[in-house]
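Each remark here refers to the structure printed beneath this line.
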Amino acid sequence: MNSENPHPVTVVGIGADGWEGLSEASRDALRAADVILGGARQLALVPPKECSATLEAWPSPLRRAVVPRMAALAGRRVAVLASGDPMFYGIGRTLGDELGYERLRVLPHPSSMSYACARLGWPSQDTDVVSVVGRPLERVAARLHDGRRLLVLSSDAQTPARLARLLRERGFGPSTMWVLEQLGGDRERLLRGTADRWDAEPGDRLNLVAVHCARAEGALRLGAVPGLPDEAYESDGQLTKRHVRAATLTALAPAPGERLWDVGGGSGSIAIEWLRTHPSCTAHTVERDATRCERIVRNAQRLGVPELHVLTGRAPEALDQLPTPDAVFVGGGVTTPGLLETCWRALPPGGRLVANAVTLESEAVLARWYTRHGGELIRLAVGHARPVGGFTGWRQAMPVTQWAAVRGDDDRPERQPARPASPGTGPDVGHGPDVGHGLVGEGEVRGRAGPLAGYGETYEHDATAAEEMEDRP
């Protein structure tokens, strides 16, 4: 505790069963409080005869209000009501991020996941969870795999019908859906059906949806590792092909929570598959062509990563707007003056730079960088079996030269913009994340709104361009 307020902030989880469902410790904490903060629905569950505390609803946006409100309540005993388990997609994370976790005393209630798995007989450890509270529904698409069990934390009463439509559009119409409403309360209800025949009217806004994924016959199969089929992408030909893409993501080596710059987005495949490796990864792709930027947004939404930031701008100039990356991919235009230098300087120690090339001129640039900084310089050659008359032969694609290097501790970046604070999550937050979804900069947002804006144009991957740009391999 700090000297200004010796009392911890007590975070009390409460369910649809209200006061009656609370433990004695939770009731005592609420009785002892001077002020109880929460959402209107949660505050309505507190009987006035049990608590003398002042009941106060959170303002919106919540995150910005946490620190000033707690400062105003210094010296008073404060309790915060949360839905279910405060640390499971709940306000506990927001409070911990803003106040410090050492200031919190958390008294959890069973989470909605615990209730749902108990009702359905699903082992919790084998069940995936996706929250669409304050987040795009499209992010569910990245978790759809035949036979998997999925819990979707709904944003409102319309979520089940919207989710059923998304499942049909993504080739998972045969999936079984359960809508579980008011879990643990007197008005608990369960609805069941399949996505391709879902016609239930919107019910209670306090719900979650359980999905047993079943892929429709003939639907494109998308794996959990990089190297999605080329057919998964809408493209004008500017697409890093499947086998080279898988090798490129291997060299980039994404880890949870890391950020990628994809310089020259093409169809967005590298950034999209970086994001699909873990939900906490972030990515920014820079592409000059506005039409391609719109295509990247559509690809990202369809493949379940609508949080991809898409910036219309000129590289390397537009890169100054971006937060520090953990890895950078340059898929074309390595001969552009200053591009590789800018990308290399932006990396922190341990950051990775991967660049692909298909022309002799760009190969020569990568060879010089390999001589200067080491790393790994390889050539990727892919051949496909094709009919040759009545026989079968190999048809070779253009070979791709790839340079990959890790920046050392003795070569520090010139700038280190601060990373944004982790956004709050879950039903208690009452607002979306602090990042944009499917954002395209250049004074206008295409897709979902967000904070990033860009300027200028970036070189496109066109082997016939005057600047000696190259096609994405």
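According to UniProt numbering, the sequence shown is numbered sequentially starting from 1.
Ideal placement from N, C-alpha and C gives every residue a C-beta, glycine not left out.
One or two residues paired with G383 in a DSSP bridge: Per DSSP, Q396.
Cβ separation of I272 and V225, assumed to be a contact under 8 angstroms, to the nearest whole Å: Not confirmed; about 13 angstroms, so no contact.
Segments of 4+ residues assigned as alpha helix (DSSP H) that fall wholly inside the segment 14-99: 24-32, 40-43, 62-72, 91-99
CB of L166 within 8 angstroms of CB of A141, strictly: Yes, these two residues count as a Cβ contact at 8 angstroms.
Residue interval of the beta strand (DSSP E) (run including V244): First-last for V244: 242-252, but that is the alpha helix (DSSP H), not the beta strand (DSSP E).
Distance, L191 Cα to V9 Cα: 38 angstroms
At least 3 beta-carbon pairs within less than 8 angstroms: the segment 277-291 vs the segment 107-118: Result no; under three Cβ-Cβ pairs closer than 8 angstroms.
Short Cβ contact (8 angstroms threshold) for A246 with L380: no
Cβ pair residue 522, M87 closer than 8 angstroms: Since the first residue shown for the chain is 1 and the last is 473, residue 522 is missing from the structure and cannot be characterised.
Burial state of V11 (16 or more Cβ within 10 Å): buried
Beta-carbon separation (whole angstroms), G265 vs V209, contact threshold 8 angstroms: Actually they do not touch by this definition, with Cβ atoms about 33 angstroms apart.
Neighbourhood of T392 by C-beta, 6 angstroms cutoff - its chain only, sequence neighbours within 5 removed: Here the set comprises A385.
Beta-carbon spacing of V66, G38 below 8 angstroms: no
Contact between the segment 346-361 and the segment 246-261 (3+ Cβ pairs under 8 angstroms): yes
Nearest candidate by alpha-carbon position, reference N299, set I270, G92, S175, L322: I270
Simplified DSSP assignment, three categories, for R143: helix
Per-residue DSSP class, three states only, for V129: strand
Extent of the continuous beta strand (DSSP E) to which E287 belongs: 282-287
8 angstroms Cβ shell around R352 - same chain, five flanking residues per side excluded: A251, L252, A253, D326, A327, V328, A404, A405, V406, R407
Whole-Å CB distance - T312 paired with R288, under 8 angstroms assumed: Their Cβ separation, rounded to whole angstroms, is 7 angstroms, which keeps T312 and R288 in contact under 8 angstroms.
Under 8 angstroms between C-beta atoms of residue 478 and V130: It is not possible to answer for residue 478, since the shown part of the chain is limited to 1 through 473.
Distance, V400 Cα to V244 Cα: 8 angstroms
Collapsed DSSP secondary structure at D196 in the structure displayed: helix
Reduced DSSP category for Q182 - H, G, I as helix; E, B as strand; rest coil: coil
Exposure of I14, with buried meaning 16 or more beta-carbon neighbours within 10 Å: buried
Local Cβ density within 10 Å of Y89, reported as buried at 16 or more and exposed below that: buried
Neighbour-count burial assignment, P316, 16 or more Cβ in a 10 Å radius: That one is buried.
Rounded separation between A82 and I91 - CA only: 6 angstroms
Nonlocal neighbours in the same chain, by C-beta distance under 6 angstroms from residue 537, ignoring five residues either side: No answer is possible for residue 537: it lies beyond the span of the chain, which begins at 1 and ends at 473.
Which of helix, strand or coil DSSP assigns to T401: strand
Touch test, the segment 160-180 against the segment 94-103, Cβ-Cβ under 8 angstroms, three pairs minimum: no
Distance, A33 Cα to D230 Cα: 58 angstroms
Classification of A29 by the beta-carbon crowding that lies within 10 angstroms, buried from 16 upward: It counts as buried.
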